[in-house]
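I have placed the structure first, in the form of C-alpha cells, so that the comments after it can refer back to it.
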Amino acid sequence: MTIDLKTVKHISKLARISIDDEKAKKLANDLNSIFEFIEKLNKLNTEKVEPLTSIAETTLKLRIDEVKSKNIREQILKNSPDKNKDFFVVPKVVE
Amino acid sequence: MNDITSQNLNELIKNIKDKKVSSEEVTKSFIKRAEKSKTLNCYITEDFDSAINKAKKFDNKPNFNLKLPGIPIAVKDLFCTKDVKTTAGSKILNNFIPTYESTVTQNLWDEGAILLGKLNCDEFAMGSSNETSFFGNVQNPIDLNLVPGGSSGGSSAALASNLTPVTIGTDTGGSIRQPASFTGTVGLKPTYGSCSRYGIVAFASSLDQAGPMAKNVKDCALLQEVISSYDSKDSTSIDFKRNNYSKLLKNDIKGKKIGIPREYRVEGMPKEIEDLWIKGKELVKECGAEVIDISLPHTNFALPAYYIVAPAEASSNLARYDGVKYGFRSQGENLIDMYEKTRSEGFGNEVKRRIMIGTYVLSSGYYDAYYLKAQKVRKLIKNDFDEAYKTVDAIITPSTPSSAFKIGEKTNDPVSMYLNDIFTVPVNLAGLPGISIPAGLDNKGYPLGLQIIGKAFDEQNLLNIAYALEEKINFQNNIKEWWIK
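Shown next as C-alpha cells:
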C-alpha cells in the first residue's frame, strides 16, 4: 500500500492541520516508510485472537455524582487566548 | 561531606535530618550549579526564587518525619504544576499556566520536596532523543553533542549532571528507561495504574506511566514509594497494596528465577551490548539466582503494534489543542481556518506526523486493518509475558540496542529513531514494570544499561533484583564537567 498526496491531504483535513504541498510530499514519504514497517503485522494471523481492550483487568469504580469544584469560572477562563467576561471567544461562526 | 550536588538523595536526606546542611543551602547549591550549566539546556522553566522561599520556610519549621524533607527536585515539563508554566515541550502550550497540580507532583510536595523547575523533553513526549522539543536540544553531560535520550531527556541530563538529586519522568514506550540508559542513571517505569496520570499531559493514555529517575536503586525505590498512590481522579489508577519499597529493599535474590528471552538478540546489535547482557546473566548467577532461557515469540511485532496504538491514542488526546480554551492560537478567517492554522503552527513535525498516523489508522475503512489488528497483537504480547511468568520471576534484557548517539544522527529517518525503543516498548504494551540500571561503558566511554522487567505490581522484587545487580556491577559514570561555565 502507498499513501499518495491526495490521501495525505485528506488526513490533514480530518486532523485539522493545514499543510502545504511541499510538506505534504515529504510527509507522504515519511508515512510510507513508517507504514511499510507497520505492515509487518500482516504476517501474523490474528483471526482467533481477542483484542486487548484494557491493560488493567479491573472494573471501573463508581463514585457519587456530586459537584466538587465550585466557583472556578476564573480558573477555567484563565488560560483562554481570547475571552470576555464569561465566555471563550472564537471567530464568528454564524453570519 | 561531599559537595552537596554530587550527593545522592538518601545522603542529602540524612544530612538535612542531621542538620549538617539546611534545605536552603541544598536548594541554593543546585540553583548555582544550574546557572553554570545552561549549555546543557535542561530547563524549560526555572522556578528558583520560589524554591529558595520554600526552602527557607522549611528550615524555619522543619518536619523531619517527611520522606523528602526540604529536598529540591526538578521534574519533567509534562507534569502540570499549579501556577508554574507547563509546556510539554510544545509551542502550543508555551503560554499555559495550570490552575491545578498533577497528583504525582502533589505527592512529592506533600512529603516535603520543593520544585526547582521544569525540565526539557521531547514535544508531548514523542521522541527518543529530546530533539523534537520546541525549546531545543538537550546536551548529554557524557559528551559534547550527544543526545541524552528521550523523551525524558532534560530529566536524565539534569540528573546525570547533578542539577537535581532525583527527578521524575514519564514512559510511554521507553521514555524513562532509554534516557536513563544513555546517561548512566537508574530509571523505573512502574506497572500501569501504579502512578496517577491525573495532571500529566496525555500522550497515549493506555501506555503512559510516570516514574522515578535516580542515581541509584535505593533512591529510585524511595521516590517510587512517594509518587505511587491510588487516585480516584484517574479512572485507570489501581487500588493495590503499595510497599515502602525503600525500607523493604534487600539485595538477597537467592533462588529467584530470571528469564533471558531469546528474541531480544536482534540483528545488528553491537557486540558490546551482547557482552553486557552475558555479563548480566553471570552476575545474576553470582547472586544465587537461577537463569532460565525463555521465549517471548511476538517480540518482533511489538514496535509495529506500538506505532499504531500510540499514535491513534495521541491523535485523539491531542484533538483538544484547538486554540479555543487555552494554549497558542493563530488567527484564521473562520473557525475551521483558525483550528487548522493553530495546529499547523503550534505542533512540531514529529507530533504532526504521529497525529497523521493516528488519524489515518482510525479513519473510516482502516480501523479493523490497523487499530483492531494492533490491539490483537498487543494481546499476544501480553500473553507471551503471562506465559513466561509461569516459570520466571523477572526478565533481563539490554535497555537499548545502542549507546547514546550524536545530535542530528537519526533525525531524518523516523523508523531508525523508533527502533531505539525496541526493547522497552513491549513492557508498556503489556503494562508491566521495567527498570533500567547502568551496567557498563562502551569503547567510547558511553553508558550502557540493562533492563529488568517484572511482574505486574511486583515493583518490590524488581527493585530488589536491580539492587543486587547494582552492587555487583559497581558502575562508575565517567563524566568530565566540560559544560561548566
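Those sequence lines, one after another, are chains W and R.
Our numbering numbers the first residue of the first sequence as 30 and each following residue consecutively.
Our numbering numbers the first residue of the second sequence as 701 and each following residue consecutively.
Built from N, CA and C at the ideal position, the CB exists for glycine as well.
Asked                                                                                                                       : Found
Nearest neighbour of R:Leu-850, chosen from R:Trp-1183, R:Gly-789, R:Asn-795 and R:Ala-813 [CA to CA]                       : Reading off the sequence, residue 850 of chain R comes out as Gly, not Leu. Nearest C-alpha to R:Gly-850: R:Gly-789.
The region 858-878 of chain R contacting the region 818-832 of chain R, beta-carbon criterion three pairs below 8 Å         : yes
R:Lys-893 vs W:Ala-85 beta-carbon contact at 8 Å                                                                            : For clarity, residue 893 of chain R is Gly in the given sequence; the question names Lys instead. Yes, the pair counts as a contact, with Cβ atoms nearer than the cut-off.
9 Å Cβ cut-off: residues of chain W touching R:Phe-1001                                                                     : Lys-69, Leu-70, Lys-72 and Leu-73
Bounding residues of the alpha helix (DSSP H) (the contiguous stretch that carries R:Glu-711)                               : 709-717
Terminal residues of the alpha helix (DSSP H) in which R:Lys-1082 lies                                                      : 1073-1088
Contacts that R:Met-1056 makes with chain W (C-beta to C-beta distance below 8 Å)                                           : Val-37, Ile-40, Ser-41, Ala-44, Ile-46, Leu-56 and Leu-60
Rounded distance between the beta-carbons of R:Tyr-743 and R:Ala-734, thought under 8 Å                                     : 7 Å
Backbone secondary structure at R:Ala-813 - three-state DSSP                                                                : coil
R:Gly-955, DSSP secondary structure in three states                                                                         : coil
Option in W:Lys-112, W:Lys-121 and W:Lys-38 with minimal Cα separation from W:Glu-51                                        : W:Lys-38
Contact check, R:Thr-673 vs R:Ser-928, beta carbons under 8 Å                                                               : The requested residue 673 of chain R does not occur in the structure, where chain R is confined to residues 701 to 1185.
is_contact[R:Asn-1177, chain W] using C-beta, thresh 8 Å                                                                    : no
When W:Ala-44, W:Ile-46 and W:Lys-107 are compared against R:Thr-799, the one with the closest alpha-carbon                 : W:Lys-107
Min CB distance W:Glu-51 to chain R below 8 Å                                                                               : no
Euclidean distance between Cα positions of W:Ile-32 and R:Glu-1013                                                          : 21 Å
R:Thr-786 vs R:Lys-818 beta-carbon contact at 8 Å                                                                           : yes
Neighbouring residues, chain W, relative to R:Arg-1195 (Cβ below 7 Å)                                                       : Residue 1195 of chain R lies beyond the range of chain R shown here (701 to 1185); nothing can be said about it.
Neighbourhood of R:Phe-1085 by C-beta, 6 Å cutoff - its chain only, sequence neighbours within 5 removed                    : Ala-1130
The beta strand (DSSP E) enclosing R:Ala-1139, as first and last residue numbers                                            : 1134-1141
Interface residues of the region 932-950 of chain R facing chain W [CB-CB below 7 Å]                                        : Ser-932, Ser-935, Thr-936 and Ile-938
Chain R within 8 Å of W:Asn-108, Cβ atoms only                                                                              : yes
Cβ of R:Tyr-1060 within 8 Å of any chain W Cβ                                                                               : yes
R:Tyr-1118: first and last residue of the uninterrupted alpha helix (DSSP H) it sits in                                     : 1114-1118
From R:Gln-1075, R:Ala-910 and R:Lys-941, residue whose alpha carbon lies closest to that of R:Gln-1160                     : R:Lys-941
Assigned secondary structure, R:Met-1038 (DSSP; H/G/I helix, E/B strand, else coil)                                         : helix
Beta-carbon proximity check, R:Pro-1187 vs R:Thr-1097, cutoff 8 Å                                                           : With chain R covering only 701 through 1185, there is no way to say anything about residue 1187 of chain R.
Sufficient close CB pairs (3 or more, under 8 Å) joining the region 65-72 of chain W to the region 1069-1079 of chain R     : yes
In chain order, each beta strand (DSSP E) run of at least 3 residues that lies wholly inside the region 956-1034 of chain R : 957-961 and 990-994
DSSP beta-bridge partners of R:Thr-745                                                                                      : R:Lys-818
Cβ pair R:Ser-1044, W:Ile-48 closer than 8 Å                                                                                : yes
R:Asn-1083 versus W:Lys-42: straight-line alpha-carbon distance, rounded                                                    : 38 Å
Sub-8 Å separation of R:Thr-832 and R:Lys-776 beta-carbons                                                                  : no
Collapsed DSSP secondary structure at R:Val-847 in the structure displayed                                                  : coil
Exposure label - R:Tyr-1066; buried when at least 16 CB within 10 Å                                                         : exposed
Cβ-Cβ separation, R:Glu-811 to R:Lys-767 (assumed contact under 8 Å), whole Å                                               : 4 Å
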